[in-house]
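See structure below.
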Amino acid sequence: MQNSAKPEGITPSQTVGPFFKYGLTPTGEYAWNDAFTNSTLTPDVSGDRVRIEGRVLDGDGAVVPDAMLEIWQADAQGRYADPQDKRALPNASFRGFARCGTDKDGNYSFDTIKPGTVPDPDGKPQAPHIVLAVFARGMLRHLYTRIYFSDEAGNAADPVLSLVPADRRATLIAVREAGKPVYRLDLRLQGDGETVFFDV
1070 MQNSAKPEGI TPSQTVGPFF KYGLTPTGEY AWNDAFTNST LTPDVSGDRV RIEGRVLDGD
1130 GAVVPDAMLE IWQADAQGRY ADPQDKRALP NASFRGFARC GTDKDGNYSF DTIKPGTVPD
1190 PDGKPQAPHI VLAVFARGML RHLYTRIYFS DEAGNAADPV LSLVPADRRA TLIAVREAGK
1250 PVYRLDLRLQ GDGETVFFDV
C-alpha cells in the first residue's frame, strides 16, 4: 500500500558524520591530494603573516578529533578575492580561503595574513576579522563564527562584535602569544564557554 501523504516543509540538511577527515581533509593520510590546504599564503602575498591555532571541544569539554574548519577573509588591504569586490587586488593569487581538519587532540591551525579593515553593508568599518565555518559530526548544519584579533583597537567599534554580549566576546577573540605572530582561539561547540555562532 502506498502512502499518499505528502511531506511538509523543507527537509533538514544532514551531517556526513566523521567522514570530513577522509573525504575533505586528508592532509597526506590517504592516497590522493587534498583539494585545499590550511594556508592562504601565496608567493605574491603582502601583509603580516600570522598563524591561528587552537582546539575544537564538544559540550563535555572533550576534543573533537575529526572536525573540519574553513576560513574566508580579506587580504591585508581589506579586499576579497571575489568578483563581487570590484577593487583592484594587489595580491593577485591570494584566494582568501583555506580548509583544515582537527587532529587526534582536536588541534587546528591556519597560516595566513592578518586581514585589513573591510566595510559592512552600510559602509561602517569592521575590525580585521576572519569568517570561520565549523563542520562536525552530530551537527545537522555547519556553524559560522568570526575570529577577531586581541591586539586590534578597532574591535571596540566593530558593528558585529558590538552585537555580542560583552561577557561572551572573548569567545571570538584570538589572543596573540607573546613575541610570536601566533594567535590562539579554542572553539567550544556548546556548553560552558560556548563560542558565539551567528545566524547567516
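Taking this note's numbering, the leading residue of the sequence shown gets 1070, the next gets one more, and so forth.
Every residue, glycine too, gets a C-beta built ideally from N, C-alpha and C.
Quick caveat, the model's predicted, so the values are computed rather than measured.
query                                                                                                                                                : result
Grab the span of the beta strand (DSSP E) containing R1120 for me, first residue to last.                                                            : 1118 to 1126
Determine whether the beta carbon atoms of G1123 and T1186 lie at a separation below 7 Å.                                                            : no
What did DSSP end up calling A1143 once you bin it into helix, strand or coil?                                                                       : coil
According to DSSP, simplified to helix, strand and coil, what is G1207?                                                                              : coil
Where does D1236 fall in DSSP's three states?                                                                                                        : helix
Per DSSP, which residues does T1181 bridge with? Please list them.                                                                                   : V1119
By DSSP, does L1254 sit in helix, in strand, or in coil?                                                                                             : coil
Within its chain, find whatever has a CB closer than 6 Å to the CB of G1260; leave out the 5 residues flanking it on each side and keep chain order. : G1128
For G1170, which of helix, strand or coil comes out of DSSP?                                                                                         : strand
Give me the DSSP bridge partner(s) of N1224.                                                                                                         : Note: N1224 sits in no beta bridge, so no partner.
Pick from K1155, P1152, G1262, M1137: whose alpha carbon is nearest that of E1207?                                                                   : The sequence given here places Gly at residue 1207; Glu does not occur at that position. Comparing Cα positions, the closest option is M1137.
For V1119, tell me which candidate among T1181, W1141, R1168 has the shortest Cα-Cα distance.                                                        : T1181
Determine the DSSP secondary structure at L1230, reduced to helix, strand or coil.                                                                   : helix
To the nearest angstrom, how far is the alpha carbon of I1216 from that of E1139?                                                                    : 12 Å
Taking the beta strand (DSSP E) that V1244 belongs to, which residues open and close that run?                                                       : 1242 to 1245
Taking the beta carbon of G1262 as the centre, do at least 16 other beta carbons fall within 10 Å, making it buried, or is it exposed?               : exposed
Apply the 10 Å Cβ neighbour rule to F1267 and answer buried if 16 or more other Cβ atoms are within range, or exposed otherwise.                     : exposed
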